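Undergrad: Numbering (our numbering), first residue to last: 766 to 1345.
Backbone N, C-alpha and C define an ideal beta-carbon position, used for all residues, glycine too.
The structure presented is a predicted model; accordingly, all values stated were derived computationally and were not measured.
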């Protein structure tokens, strides 16, 4: 969600911070700001995109500073609510990612003692608390107020007249980059790797005092040492490489991504053994990761006979957790707040836990007993494409290990299916979708989760209301919404439920629904009922899933393009959802 960047060293801080904030744009934001200075603090902040208003930071000078991209949680997205926030005197400036759950109570108490607030945010209370605790020692002031904050936070703080930046973390990611006589701080490594690959990952409860020549970390007031990690990050992958949008580039990277992720997961023999011996498997995830997890359930129960339960991470806390389950937590960023909370609950219930993530050193990897990294590389578009395929590949690799089956055919068939689907003509479907305000996506069996993911992609980037359904459920309510104004994207491929799917489509057609059918090019029955047919290559179940997924991604992309949407940074959405 929000992104924070800090710098202290020998460079001019503002350009470093602004460039770092640009590298965090993929997380989503509605406003931005920078604070710099030593003897006094200069703050510049604006609603809108950095590229459109970067000149506002021209007056920010000095070799020490902090910056922020905000995604509104408390208060409107405007200049006043943008970070950094200052205290009454302007001596202290802070940026904050997270949610201070008791901010209303703290604010009332501070206002009762004469503090004047400028914004509607929860974050501003931090600056005023530091002001009230100030007795001449900056780090002591920050240390004293942290126990008052309930909720989650990653904080960077400046003090006029001090040569320090103070960083603090609780349930929100924060890393520090170690340079040559300089330090960088950020929500993740993306803004740092062009300067240094050596990073230190702060843990919950940590506070760091950062000076130009030194770094001190403590937890609970006790000095501690955190291990430095070398980040293997492909900077070129974070550039568009000639594509109009990151999303399109990432769609075209999927043949390589599937192969890489499949091989990584298939090499986890001990993890596959753990799953094979499990009495039950529970998977927790959110959004796109949840849809990938549903696919795993279908394949695992059919191929390996292992019962699998898939839960939304945000709902997992309300459910029972059997001790003998193996719990898999799936998160692209490894920082999804609901998934981390659910994983901690599973750990507290003495479950064996596995993390599937795309980010080395992320929080999820430090909680889980085992970690499987996907091979997606940096994904800069907010809408997940290659990270979804990477998760599907990781699950496929695990399943291959669980069933001890030959895996060579899966790699080849899926790669070929994706490559062919990247060239399929989707223009007729795009023309139909871009003219309506509501779409249905339907599928049966393994194609139900694929339909859910297709609908999610469409609503995320085109802003068209799209809903995914199991085809058999259309009669249980959604039939009331069917008309010639509500097209349906339907997956109809030979296999389990094929005839039932055709029957569902005929029922929808009888009610005037325009049908976009995705199936084999020689399927006469599908051509008879569908208004638009999009062919996918023939192949095994894994290849079918991959092919349909890519077709749906491209329909969503080109529909959003036709409507003039901000494809890589859709409104109101964040790449990494780090608050519950």
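Based on Cα-Cα distance, which residue from 1122, 931, 872 lies nearest to residue 1156?
TA: Of 1122, 931, 872, the residue nearest in Cα terms is 1122.
Undergrad: To the nearest angstrom, how far is it from the Cα of residue 1267 to the Cα of residue 1078?
TA: Computed Cα separation, rounded: 34 Å.
Undergrad: Please state if the CB of residue 1036 and the CB of residue 910 are separated by a distance shorter than 8 Å.
TA: No, the pair does not count as a contact, with Cβ atoms beyond the cut-off.
Undergrad: Taking C-alpha atoms, which residue in 939, 870, 943 lies nearest to residue 914?
TA: Nearest of 939, 870, 943 to residue 914, Cα basis: 870.
Undergrad: Of the residues 1213, 932, 882, 889, which one's Cα is nearest the Cα of residue 1063?
TA: Per the Cα distances, 1213.
Undergrad: Select from 1228, 1258, 1311, 1263 the residue whose C-alpha is nearest the C-alpha of residue 1331.
TA: Ranking the options by Cα distance to residue 1331, first place goes to 1228.
Undergrad: Helix or strand or just coil, what does DSSP make of residue 783?
TA: Residue 783: helix per DSSP, three-state reduction.
Undergrad: By alpha-carbon positions, which one of 775, 1185, 1247 ends up nearest to residue 928?
TA: The shortest Cα separation from residue 928 among 775, 1185, 1247 belongs to 775.
Undergrad: Figure out for me which residue from 968, 942, 804 has the closest Cα to the Cα of residue 1347.
TA: Residue 1347 lies beyond the stretch modelled for the chain, which goes from 766 to 1345, so this question has no answer here.
Undergrad: Just how far apart, CA to CA, sit residue 1073 and residue 897?
TA: The alpha-carbon atoms of residue 1073 and residue 897 are separated by roughly 53 Å.
Undergrad: When you compare the CB positions of residue 892 and residue 838, do they come within less than 8 Å of one another, or not?
TA: In this structure, residue 838 does not lie closer than 8 Å to residue 892 by Cβ.
Undergrad: Please determine whether the Cβ atom of residue 806 lies at a distance below 7 Å from any heavy atom of the ligand ATP.
TA: Only the bare structure without any ligand can be found here, which leaves the ligand ATP out of the picture.
Undergrad: Cα-Cα, which of 1142, 1197, 1154, 1289 is closest to residue 1314?
TA: For residue 1314, the nearest C-alpha among the options comes from 1154.
Undergrad: Which of the three DSSP states is assigned to residue 983 in this structure?
TA: If DSSP states are grouped into helix, strand and coil, residue 983 belongs with the strands.
Undergrad: Is the beta carbon of residue 1105 less than 8 Å from the beta carbon of residue 1132?
TA: Yes, these two residues count as a Cβ contact at 8 Å.
Undergrad: For residue 1157, does the three-state DSSP call read helix, strand or coil?
TA: Three-state result, residue 1157: helix.
Undergrad: Can you have a look at residue 1089 and say buried or exposed, based on whether 16 or more other CB atoms are within 10 angstroms of its CB?
TA: Counting Cβ neighbours within 10 Å, residue 1089 comes out exposed, since fewer than 16 surround it.
Undergrad: Near residue 1235, which residues of its chain fall below 6 Å by C-beta distance, leaving aside the five closest residues on each side in sequence?
TA: Answer for residue 1235: 1213, listed in chain order.
Undergrad: How many angstroms separate the CA atom of residue 1076 from the CA atom of residue 1058?
TA: Computed Cα separation, rounded: 9 Å.
Undergrad: Relative to the alpha-carbon of residue 902, which residue among 856, 1065, 936 has its alpha-carbon at the smallest distance?
TA: Cα-wise, what sits closest to residue 902 is 856.
Undergrad: Within 10 angstroms of the Cβ of residue 1128, are there 16 or more other Cβ atoms? Answer buried if so, exposed if not.
TA: The residue is buried, with at least 16 neighbouring Cβ atoms inside 10 Å.
Undergrad: Assuming residue 1220 is part of the alpha helix (DSSP H), what are its boundary residues?
TA: 1212 to 1227 is the extent of the alpha helix (DSSP H) around residue 1220.
Undergrad: Should residue 953 be labelled buried (16 or more other beta-carbon atoms within 10 Å of its own) or exposed?
TA: Burial call: buried.
Undergrad: Report the CB separation of residue 960 from residue 944 in whole angstroms; it is logged as a contact under 8 Å.
TA: At roughly 6 Å, the Cβ-Cβ gap stays under 8 Å, so residue 960 and residue 944 are in contact.
Undergrad: If I measure Cβ to Cβ from residue 1285 and keep anything under 8 Å in the same chain, skipping five residues before and after, which residues do I get?
TA: The residues are 1258, 1259, 1291, 1300, 1301, 1303.
Undergrad: Taking C-alpha atoms, which residue in 1232, 1161, 1311 lies nearest to residue 1186?
TA: Residue 1186 has its Cα closest to that of 1311, out of 1232, 1161, 1311.
Undergrad: Label residue 1269 either buried or exposed according to how many other C-beta atoms from any shown protein chain fall within 10 Å of its C-beta, with 16 as the threshold for buried.
TA: Burial call: buried.
Undergrad: Return yes when the Cβ of residue 1276 is within less than 8 Å of the Cβ of residue 1244, no when it is not.
TA: It is a contact, given that the beta carbons lie within the stated cut-off.
Undergrad: Based on the DSSP secondary-structure assignment, which residues constitute the bridge partners of residue 807?
TA: For residue 807, which the question treats as bridged, DSSP gives the partners 801.
Undergrad: Among 1041, 1096, 1095, whose alpha-carbon lies nearest the alpha-carbon of residue 1069?
TA: Selected option, being the one with the closest Cα: 1041.
Undergrad: Would you report the Cα separation of residue 889 and residue 949, rounded to the nearest angstrom?
TA: Cα to Cα, residue 889 sits roughly 23 Å from residue 949.
Undergrad: Between the beta-carbon of residue 1323 and the beta-carbon of residue 1012, is there less than 8 Å?
TA: Taking 8 Å as the Cβ cut-off, residue 1323 and residue 1012 do not qualify as a contacting pair.
Undergrad: Quick test of your reading: residue 991 and residue 965, contact by CB under 8 Å. State the CB separation rounded to the nearest angstrom.
TA: That belief holds up - the Cβ atoms of residue 991 and residue 965 are roughly 5 Å apart, short of 8 Å.
Undergrad: For a test of the three-state rule: what should DSSP assign to residue 935, helix, strand or coil?
TA: It is a strand residue.
Undergrad: Could you pull out every residue in the same chain whose Cβ sits closer than 7 Å to the Cβ of residue 1191, ignoring the five residues on either side in sequence?
TA: Within the same chain, residue 1191 has close Cβ partners 1299, 1316, 1319, 1320, 1323.
Undergrad: Do you know offhand how far residue 809's Cα is from residue 1014's?
TA: Cα-Cα distance, rounded: 34 Å.
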